[in-house]
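Trainee:
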Amino acid sequence: MTPLRDSVDVNGRTRTYTVAGPADGRPARDLVLIFHGSRQTGAKHRDFTGKAFDTLTAGGTAVVAYLDGHKGNWNDARRESRFPARRENIDDVGFTRAVIEKLTQTHRIDPRRVFAVGYSNGGQMVMRLVHEAPGLLAGATVIAATMPAPENFLAADAPPAPMPVLLIHGTKDPIISYLGGEMPWWARTLFKVGGRALSMPETAAYFASRNGITGAPAVRTLPASAAGTSVELTEFRHDDRPAVTLYTVHGGGHTIPGPRRAPAVLGRTNQDVSTADLIGSSSA
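In my numbering, the protein residues as written are 126 to 409.
1. Output yes or no for whether 8 Å exceeds the beta carbon distance between GLY219 and VAL135.
2. Hey, how far is the Cα of ARG204 from the Cα of ASP149?
3. Give the range of the beta strand (DSSP E) segment to which PRO342 is assigned.
4. May I have the straight-line CA-CA distance separating MET308 from PRO152, to the nearest angstrom?
5. Within 8 Å, do at least three Cβ pairs link the stretch 372-384 to the stretch 285-304?
6. Give the C-beta separation of ALA269 and GLY248 to the nearest angstrom, bearing in mind that I take them to be a contact with Cβ-Cβ under 8 Å.
7. Go ahead and pull the three-state DSSP assignment for LEU129.
8. Is ASN136 helix, strand or coil by DSSP?
9. In the DSSP output, what is VAL189 paired with across the bridge?
10. Going by the CB atoms, is the gap between GLU257 and PHE286 shorter than 8 Å?
11. Which class does ARG253 belong to by DSSP, given the choice of helix, strand or coil?
12. Kindly indicate which residue of LYS196, LEU391, ALA263, VAL224 has the alpha-carbon position closest to the one of ASP131.
13. Taking 7 Å as the limit between beta carbons, can you name the residues of its chain near GLY340, skipping five residues before and five after?
14. For the alpha helix (DSSP H) that ALA330 lies in, which residues bound it at each end?
15. Given a cut-off of 8 Å, decide if ARG393 and LYS297 are closer than it, judged by their beta-carbon atoms.
16. Can you name the residues that DSSP bridges to LEU371?
17. With a threshold of 6 Å on Cβ separation, who are the neighbours of SER206 within its own chain once the five nearest residues in sequence on each side are excluded?
18. Quick one: grab the DSSP three-state call for ILE301.
19. Per DSSP, which one or two residues make a beta bridge with PHE278?
20. Evaluate the contact criterion for the stretch 322-341 versus the stretch 171-181: three or more CB pairs, one atom per stretch, below 8 Å.
21. Check PHE208 in the structure and name its three-state DSSP category.
22. Quick one: what does DSSP say ALA241 is sitting in, helix, strand or coil?
23. Pick helix, strand or coil for PRO273, following the three-state DSSP scheme.
24. Can you give me the Cβ contacts of THR231 inside the same chain, cut-off strictly under 6 Å, excluding the 5 residues immediately before and after it?
25. Please classify ARG140: is it buried, with 16 or more other beta-carbons within 10 angstroms of its beta-carbon, or exposed?
26. Give the DSSP bridge partners of TYR266, in chain order.
27. Would you grab the beta carbon distance between ILE300 and THR174 for me? Rounded to a whole angstrom, and I think it's under 8 Å.
28. Beta-carbon within less than 7 Å of THR186's beta-carbon, same chain only, minus the 5 sequence neighbours each way: which residues are those?
29. So what does DSSP say about PRO259, is it helix, strand or coil?
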């Protein structure tokens, strides 16, 4: 099925997105919102991932929407972001809300079952949504992005709404360090961002705390099929509280595990796990 291109009006500005999944599918389906990385569009990100997220529509259980940022970026909550989406103060929270409202009408999705997935700058946007509009989301996935340090985070924090959080990050990411800190000077210049960030383990612990989980996580290594990368699973769980799950890709780059290998300049892509499958499991 050919994806549908559509648009919504947000504060007098036309915003666009691409939808995978039939409009005449069964009612009360999940909605998975995909937020691309810097200098991408929804369509480019769909190709970048080998259309892997489209598989979430199989069986008619979900609709997937690839949203388009403003001039290649999202107005995330990092204090030192200075790309057009930030300089023009684009209302990406309002855009998200408008897409959910429209797809509730056109594709009969369940607005209580909306999951946000973000890569890099898109992951930063998802973290903004978790803090500013938690009532919109039933779960969040952040790939190749870590939580901004407190002095570098501008999002208004609504009362926490515990939700499942899935985190994926490579230890050899050349752009967003797994260990936190500032991005390399060339990346700060190229992508027009800056400021300090937490490490990915600190990010996972932060979201676990927001979900009311205080105990130590369980850690295990997943089977590896090839040399170069391996995956370690860290799970924060407690009774009936939503889990926070971290997939650490040892040797992995600024990439999305799955069928499509990213350009070599971004580092290695792990193919032992499928990000789409992980998202499907976390939203079940």
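From the three backbone atoms N, C-alpha and C, an ideal C-beta is built for every residue, glycine too.
Mentor: With the given structure in hand:
1. Yes.
2. Looking at the two C-alpha atoms, the distance is approximately 42 Å.
3. From DSSP, PRO342 is part of no beta strand (DSSP E); its letter is neither H nor E.
4. Answer to the nearest angstrom: the Cα atoms are 44 Å apart.
5. Touching, per the Cβ criterion.
6. 6 Å between Cβ atoms; contact.
7. DSSP places LEU129 in strand when its eight states are reduced to three.
8. If DSSP states are grouped into helix, strand and coil, ASN136 belongs with coil.
9. ALA145, VAL157.
10. Sequence inspection shows Ala at residue 286; the Phe mentioned does not correspond to that position. For ALA286 and GLU257, no; Cβs fall outside 8 Å.
11. If DSSP states are grouped into helix, strand and coil, ARG253 belongs with the helices.
12. Minimum Cα distance to ASP131 is reached at VAL224.
13. Within the same chain, and ignoring the five residues on either side of GLY340 in sequence, the residues whose Cβ sits closer than 7 Å to its Cβ are HIS363.
14. Its alpha helix (DSSP H) spans residues 325-335.
15. Between LYS297 and ARG393, the gap from beta carbon to beta carbon is short of 8 Å.
16. DSSP output for LEU371 lists LEU292, THR359 as bridge partner(s).
17. Closer than 6 Å at Cβ, skipping near neighbours: VAL318.
18. Note: ILE301 maps to coil in three-state DSSP.
19. DSSP lists ARG203 as partners of PHE278.
20. Result no; under three Cβ-Cβ pairs closer than 8 Å.
21. Residue state, collapsed to three classes: coil.
22. The three-state reading of DSSP puts ALA241 in strand, counting E and B together.
23. DSSP places PRO273 in strand when its eight states are reduced to three.
24. Within the same chain, THR231 has close Cβ partners ALA148.
25. So ARG140 counts as buried.
26. Note that residue 266 is Thr in the sequence shown here, rather than Tyr. THR266 pairs with VAL242, LEU291.
27. Rounded, the Cβ-Cβ distance is 17 Å, inconsistent with contact.
28. Same-chain partners within the cutoff: ARG154, ASP155.
29. PRO259: helix per DSSP, three-state reduction.
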